[in-house]
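Colleague: I have a structure I would like to understand better, so I am pasting it below and will then ask my questions one at a time.
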Amino acid sequence: MVQLKKFFNCVACLPFKTILIGLIALAFCARLYRVTNPIADWHEFRQADTASVTREYVKHGINLLVPKYQDLSNIQSGSEHNEQDNVNGYRMVEFPIMNAVIASVIRLQPEFDWQYSLVFVSRMFSIVASLVALVFLLFLARDWYGDAAAIATGIFFGFTPYVVFYSRTVLPEPFLVMGIVLAMWGCWKYVQTRHWGYLALWIVAFAYALLMKPMAVFVLPVFAILILNRFGWKSLLHIELYIGGFLSIVPLLLWRWWIQRYSIGIPVSNWLYNGNGIRLRPAWFRWLFYERLTKLVFGFVGVVPFTVGFFTAVKQKSARFALWIWGGSMLAYLVIFATGNVQHDYYQYIISPFFCLTAGVGLARLWQEAAKRRTELLRIGLVFGVVIMFFLMWQQVKGYYNVNNWDMVHAGEAADRVLPASAKVIAPYDGDTAFLFATNRIGWPIGFAIDQKIAEGAQYYVSLNYDDETNALMKKYTVIAQTKDWVIIDLTRPKK
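When we follow my numbering, the leftmost residue of the sequence shown carries the number 6, and every step to the right adds one.
This is the structure in structure tokens:
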């Protein structure tokens, strides 16, 4: 007991900067787990779509206004264009600034193997973005709730397995969260200091977050409460706030206006709201508040510090109600994008700073209460509870890192070796573009209507199974490579 007490006291005496550096270093190491794996893990299709924009930039040069990717099908554009394929491969979603930056880095080293260095470099950029978010979320927590809450927040954001996994994926989400946290910190510092540099950071970071995903708009109420807490209703007279809001939203409006001329490249998105009618139904509550938040994110045990933090954070005066408003905004996000949040767990990553800050406040409060009672058993029990919590969190997420189909990866590598660089391929994988990405070629991630696809330029068919369509094509066209797990068919060479 004496030794444990000395250990706890030693940790408590460490300078805040030392703890911050330690958290960043350990969080970075945690994010390196299986970072070199191919894009064939959890949510591979969305990662493949994002990475293929970067790949097209690497191959053909950077055009920020007309991003393209490898999928030439009409799957993502939905029923409105169901008779028309996206034969130019337009990808009009998030503004591709990070794709361009990553592609520029890769183009500096053209001798690297694009198939793997592109994925690795993309993931490293995501990791850096998540660490930037970690640092400024920690600063925000320190300003609002003190050093202990900041350190606990850093522990949650740095090591919660759900957060760790998505902070090293090839998705817009790590950059979205970075933009949101930077904007929130910039807003907070501006209302405290009225320094124009913080206002500029707030505007730029929020504009960037909106360009990553318009869902960033849900943090606007947090900005509003921070401003009202500081200036009261007199804030309505601050003209710079109106100018800043206008400058933040203009880039998104311009981008959305621009991409309408490439509507075939805009994925259908109406289904994200309530496409399956699940909003506020019992299944909605079960999936989001039990399967996702309680089980996946918090590993059951983490609900305790989260609840404690949520109901005690309001006592802090300088950011009074900010955490509650933030929580209400995120609840509105879950309600409005009901189907999207139920179907895709990465949609909750935007909420991770709120989760981690709230749980961090709660964990710090529990630790402080244990310290007041001057018994090491309570603190030992709390440490043990945290260990159990992270263990249970890991049990929910560890399978996300697994490569789902190594045959798909190997078939893609084989296609990349034997096919011409300019080839257009059909790589059926139920519409999942991960297989197409693995081939390093543009084309279609689904079969059917083969003659139409040939007319649109399809030259090769790469299959992972010997189904009726594959067998029929093998009888009609020349097979150029084959194993028991996959086959590559040349659609330009009919059998005589």
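In this text, a Cβ means the ideal position worked out from N, Cα and C, and glycines have one as well.
Helix, strand or coil for Lys429? Go by DSSP, reduced to three states.
Modeller: As a working mapping, residue 429 is identified with position 424 in the sequence shown. Here Lys429 sits in strand by DSSP.
Colleague: Throw me the rounded Cβ distance for the Val340 and Trp329 pair, which I believe falls under 8 Å.
Modeller: One-based indexing of the sequence shown puts residue 340 at position 335. One-based indexing of the sequence shown puts residue 329 at position 324. Not quite, the Cβ-Cβ distance comes to about 16 Å (not below 8 Å), so this is no contact.
Colleague: Nearest by alpha-carbon distance to Leu371: which of Thr475, Pro358, Phe315 and Trp331 is it?
Modeller: Taking the sequence shown and counting its residues from 1, one reaches residue 371 at position 366. Here the closest residue by C-alpha is Phe315.
Colleague: If you drop the 5 nearest sequence neighbours on each side, which residues of the same chain put their C-beta closer than 8 Å to that of Ile459?
Modeller: For the purposes of this step, residue 459 is taken as the residue at position 454 of the sequence shown. Cβ neighbours of Ile459 beyond the five flanking positions: Leu496.
Colleague: Around the Cβ of Lys73, are there at least 16 other Cβ atoms within 10 angstroms (buried) or fewer (exposed)?
Modeller: What you label residue 73 is simply residue 68 of the sequence shown in a count that begins at 1. Lys73 should be labelled buried.
Colleague: Please classify Gln353 as buried or exposed, where buried requires at least 16 neighbouring CB atoms within 10 angstroms.
Modeller: Counting from one through the sequence shown, the residue named residue 353 turns up at place 348. Classification for Gln353: buried.
Colleague: Cutting at 7 Å between CB atoms, please list the residues of its own chain near Phe100, excluding the five before and the five after it.
Modeller: In the sequence shown, the residue the question calls residue 100 occupies position 95. These residues qualify, in order along the chain: Leu216 and Trp260.
Colleague: Classify Gly159: buried if its beta carbon has 16 or more other beta carbons within 10 angstroms, exposed otherwise.
Modeller: Within the sequence shown, the letter at position 154 stands for residue 159. Gly159 is buried by the Cβ-count criterion.
Colleague: Could you check where the beta strand (DSSP E) with Trp449 kicks off and where it finishes?
Modeller: Locating residue 449 in the sequence shown gives position 444, counting from the first residue. Residues Ile447 to Trp449.
Colleague: Which whole runs of the alpha helix (DSSP H) in the region 235-308 are 4 residues long or more, in chain order?
Modeller: As far as the region 235-308 is concerned, its whole alpha helix (DSSP H) runs of at least 4 residues are 244-264, 276-279 and 287-290.
Colleague: Quick check on DSSP: helix, strand or coil for Ser334?
Modeller: Working through the sequence shown from its first residue, we reach residue 334 at position 329. If DSSP states are grouped into helix, strand and coil, Ser334 belongs with the helices.
Colleague: When you compare only the Cα positions, how much space is there between His86 and Gly345?
Modeller: Residue mapping note: residue 86 aligns to position 81 of the sequence shown, counting from 1. Residue mapping note: residue 345 aligns to position 340 of the sequence shown, counting from 1. The predicted model places His86 with a pLDDT of 47, which falls under 50 and marks its position as unreliable; any figure quoted below should be read in that light. Near 21 Å, if we compare the C-alpha coordinates of Gly345 and His86.
Colleague: Just how far apart, CA to CA, sit Tyr466 and Ile431?
Modeller: Numbered from its first residue, the sequence shown carries residue 466 at position 461. Numbered from its first residue, the sequence shown carries residue 431 at position 426. One C-alpha to the other measures close to 5 Å.
Colleague: Would you check whether the ligand MN has a heavy atom nearer than 7 Å to the C-beta of Met97?
Modeller: Because no ligand of any kind appears in the structure shown, any question about the ligand MN cannot be addressed here.
Colleague: Within the same chain, show all residues whose beta-carbon is closer than 6 Å to that of Leu368, passing over the 5 residues directly before and after it, in chain order.
Modeller: Position 363 of the sequence shown holds residue 368. Result list for Leu368: Ala157 and Pro310, in chain order.
Colleague: Using the Cα positions of Ser84 and Phe170, report the straight-line distance between them to the nearest angstrom.
Modeller: In the sequence shown, counting from the first residue as 1, residue 84 sits at position 79. In the sequence shown, counting from the first residue as 1, residue 170 sits at position 165. Unreliable positioning characterises Ser84 in this predicted model, as indicated by a pLDDT of 48, which lies under 50. A coordinate reading is not provided.
Colleague: In the structure shown, what three-state DSSP assignment does Pro499 receive?
Modeller: Here residue 499 refers to the residue found at position 494 of the sequence shown. Three-state result, Pro499: strand.
Colleague: Do you know how far the Cα of Asn476 is from the Cα of Tyr213?
Modeller: Sequence index remark: in the sequence shown, residue 213 carries index 208 (1-based). Sequence index remark: in the sequence shown, residue 476 carries index 471 (1-based). Going from the Cα of Tyr213 to the Cα of Asn476 covers about 49 Å.
Colleague: Do Gly191 and Leu206 count as a contact pair if the criterion is CB distance below 8 Å?
Modeller: Position 201 of the sequence shown, counted from the first residue, corresponds to residue 206. Position 186 of the sequence shown, counted from the first residue, corresponds to residue 191. Their beta carbons are under 8 Å apart, which means Leu206 touches Gly191 by this criterion.
Colleague: For the alpha helix (DSSP H) that Val388 lies in, which residues bound it at each end?
Modeller: The residue given as residue 388 occupies position 383 in the sequence shown. Run containing Val388: Glu381 to Val402, per the alpha helix (DSSP H) assignment.
Colleague: Tell me the rounded alpha-carbon separation between Arg384 and Ala327.
Modeller: Here residue 384 refers to the residue found at position 379 when the sequence shown is read from its first residue. Here residue 327 refers to the residue found at position 322 when the sequence shown is read from its first residue. Distance between the alpha carbons of Arg384 and Ala327: 29 Å.
Colleague: Mind listing, in chain order, the continuous alpha helix (DSSP H) runs of no fewer than 4 residues lying wholly within the region 67-114?
Modeller: Runs found: 102-112.
Colleague: Report the rounded CA-to-CA distance for Leu362 versus Leu37, giving the unit in angstroms.
Modeller: As a working mapping, residue 362 is identified with position 357 in the sequence shown. As a working mapping, residue 37 is identified with position 32 in the sequence shown. Roughly 23 Å separates the two Cα atoms.
Colleague: Is it right to say Val63 is buried, meaning 16 or more other beta carbons lie within 10 angstroms of its own, or is it exposed?
Modeller: Within the sequence shown, the letter at position 58 stands for residue 63. Burial call: buried.
Colleague: If we ignore side chains and look at the alpha-carbon of each, how far apart do Thr438 and Gly448 end up?
Modeller: Counting from 1 along the sequence shown, the entry for residue 438 is found at position 433. Counting from 1 along the sequence shown, the entry for residue 448 is found at position 443. Cα-Cα distance, rounded: 9 Å.
Colleague: State the start and end residues of the unbroken beta strand (DSSP E) segment that holds Ala463.
Modeller: As a working mapping, residue 463 is identified with position 458 in the sequence shown. No beta strand (DSSP E) holds Ala463; DSSP gives it neither H nor E.
Colleague: With a threshold of 16 other CB atoms inside 10 Å of the CB of Ser131, please say whether the residue is buried or exposed.
Modeller: Numbered from its first residue, the sequence shown carries residue 131 at position 126. Label assigned to Ser131: buried.
Colleague: Quick one: grab the DSSP three-state call for Thr198.
Modeller: Reading the sequence shown from its first residue, position 193 is the one you call residue 198. Thr198: helix per DSSP, three-state reduction.
Colleague: Is it true that the CB of Ile393 sits closer than 8 Å to the CB of Val308?
Modeller: The sequence position of residue 308 within the sequence shown is 303, counting from 1. The sequence position of residue 393 within the sequence shown is 388, counting from 1. No.
Colleague: If you reduce the DSSP assignment to three classes, tell me which class Thr165 lands in.
Modeller: By 1-based counting over the sequence shown, the position of residue 165 is 160. DSSP places Thr165 in coil when its eight states are reduced to three.
Colleague: Between the C-alpha atoms of Gly390 and Phe228, what's the straight-line distance to the nearest angstrom?
Modeller: Along the sequence shown, read from residue 1 onward, the residue named residue 390 stands at position 385. Along the sequence shown, read from residue 1 onward, the residue named residue 228 stands at position 223. Distance between the alpha carbons of Gly390 and Phe228: 34 Å.
Colleague: Going by beta-carbon coordinates alone, are Ser253 and Phe223 separated by less than 8 Å?
Modeller: What you label residue 253 is simply residue 248 of the sequence shown in a count that begins at 1. What you label residue 223 is simply residue 218 of the sequence shown in a count that begins at 1. Not in contact: Ser253 and Phe223 (Cβ atoms no closer than 8 Å).
Colleague: Report the three-state DSSP secondary structure of Ile485 (helix, strand or coil).
Modeller: As a first step, residue 485 is located in the sequence shown; it is residue number 480 there, counting from the start. Ile485: strand per DSSP, three-state reduction.
Colleague: In whole angstroms, what separates the C-alpha of Met413 from that of Leu478?
Modeller: Taking the sequence shown and counting its residues from 1, the one referred to as residue 413 is at position 408. Taking the sequence shown and counting its residues from 1, the one referred to as residue 478 is at position 473. C-alpha separation (whole angstroms): 19 Å.
Colleague: Where DSSP assigns a beta bridge to Val175, which residues make up the other side?
Modeller: If you number the sequence shown from 1, residue 175 lands on position 170. In the DSSP output, where bridge partners are listed per residue, Val175 has none listed.
Colleague: In the DSSP assignment, the alpha helix (DSSP H) including Thr59 goes from what residue to what residue?
Modeller: As a first step, residue 59 must be located in the sequence shown, where it is residue number 54. Where Thr59 is concerned, the enclosing alpha helix (DSSP H) stretches over Glu49 to His65.
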